[in-house]
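Engineer: Residue 0 is where the sequence shown starts when you use numbering that gives the first Met the number 0, and the numbers rise one by one after that.
Right, I'll just put the structure down here and ask away after.
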Amino acid sequence: MEIYGAAREKHIPVQKVDRQRLGKFAPDGAHQGVIALAAAKEYVEVEDILAGAGPGVPPFLILLDEINDPHNLGAILRTADAAGAHGVVIPRRRSAPLTPTVAKASAGAIEYVPVARVANMPQTIETLKKQGLWMVGADPEGQELYWDARLEGPLGLVIGGEGKGLGRLVKERCDLLVRLPMSGRVNSLNASVAAALLAYEVVRQRRIALNEGSSHR
């Protein structure tokens, strides 16, 4: 009861379960009736991610709308690190949290990519728009093919969850919806694959813009 009271004082959620379920989290049985589930890494604030971009560098964020598969989340973190994204934003609910499974799937990228958790993704998108970011969502019915969109400036890339894609409110808040060309019978790609394609289009366009800027000096 002392642990229970201390957790409540710190506003840490406490859930009472039977010993069988508790045993699933500690297969060796060494839990003494109490288990704490903690993130594999500490979360940051969205403002911390923006500040991490540094002066003169357009922020590049990847926002994930209800990515529930920890392997997909880990793969996207790996892509975010490789493509130079400044951070990833996930919702507090209906999303895979940072877990050892995510850490393993990220191949270590979880240590280098800041991750923020937000209570309201549509509201977060609106806030980022007010701070000058162009919010681009991936959607099968997008107005433009992804390579035709301007992605070199301050950017929030929004990727939808497995199966359902972007939620209605999230979709409505985006400045632009882009689509990937699909020539087969399946109308969508795995979320982590879509994120990788779009992230590297950002890399390509930013490199072109940087080279053009250098040639005009």
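Just so you know, even glycine gets a beta-carbon here, dropped at the ideal spot from N, CA and C.
Can you check DSSP and say which residues form a bridge with proline 90?
Structural biologist: Mapped onto the sequence shown, residue 90 falls at position 91. DSSP lists Val117 as partners of proline 90.
Engineer: Runs of 3 residues minimum, wholly inside the segment 123 to 210: which ones carry the beta strand (DSSP E) assignment?
Structural biologist: Within the segment 123 to 210, the complete beta strand (DSSP E) runs of at least 3 residues are 133 to 137, 154 to 159, 175 to 178.
Engineer: Within a Cβ cutoff of 6 Å, which residues of the same chain sit near isoleucine 89, ignoring the five residues on either side of it in sequence?
Structural biologist: Within the sequence shown, the letter at position 90 stands for residue 89. For isoleucine 89, where only same-chain residues beyond five positions count, the Cβ hits under 6 Å are Leu63, Arg116.
Engineer: What does the alpha-carbon distance come out to for the pair glycine 162 and glutamate 1?
Structural biologist: Within the sequence shown, residue 162 is the residue found at index 163, counting from 1. Within the sequence shown, residue 1 is the residue found at index 2, counting from 1. Answer to the nearest angstrom: the Cα atoms are 43 Å apart.
Engineer: Taking all protein chains shown into account, decide if leucine 8 is buried (16 or more other Cβ within 10 angstroms of its Cβ) or exposed.
Structural biologist: Counted from its first residue, the sequence shown places residue 8 at position 9. Note on residue identity: the sequence assigns glutamate, not leucine, to residue 8. It is exposed - the Cβ of glutamate 8 has fewer than 16 other Cβ atoms within 10 Å.
Engineer: Using only the alpha-carbon positions, how far apart do glycine 107 and alanine 82 sit?
Structural biologist: Residue mapping note: residue 107 aligns to position 108 of the sequence shown, counting from 1. Residue mapping note: residue 82 aligns to position 83 of the sequence shown, counting from 1. Each residue's alpha carbon lies about 15 Å from the other.
Engineer: Can you tell me where the beta strand (DSSP E) holding aspartate 64 begins and where it ends?
Structural biologist: On the sequence shown, position 65 is the one that residue 64 refers to. Taken as a continuous stretch (DSSP letters only), the beta strand (DSSP E) holding aspartate 64 covers 59 to 64.
Engineer: My understanding is that glycine 164 touches asparagine 67, with C-beta atoms under 8 Å, so please give their C-beta distance in whole angstroms.
Structural biologist: Start at 1 with the first residue of the sequence shown, and residue 164 comes out as number 165. Start at 1 with the first residue of the sequence shown, and residue 67 comes out as number 68. About 13 Å separates the two Cβ atoms, so there is no contact after all.
Engineer: Apply the 10 Å Cβ neighbour rule to aspartate 17 and answer buried if 16 or more other Cβ atoms are within range, or exposed otherwise.
Structural biologist: Along the sequence shown, read from residue 1 onward, the residue named residue 17 stands at position 18. Exposed is the call here.
Engineer: Would you check if the segment 70 to 85 and the segment 131 to 138 touch, i.e. whether three or more CB-CB distances between them fall below 8 Å?
Structural biologist: These segments do not touch.
Engineer: Kindly indicate which three-state DSSP category valine 43 falls into: helix, strand or coil?
Structural biologist: As a working mapping, residue 43 is identified with position 44 in the sequence shown. Residue state, collapsed to three classes: strand.
Engineer: Use the C-beta contact count for glutamate 46: other C-beta atoms within 10 angstroms, 16 or more gives buried, fewer gives exposed.
Structural biologist: Numbered from 1 along the sequence shown, position 47 holds the residue referred to as residue 46. Burial call: exposed.
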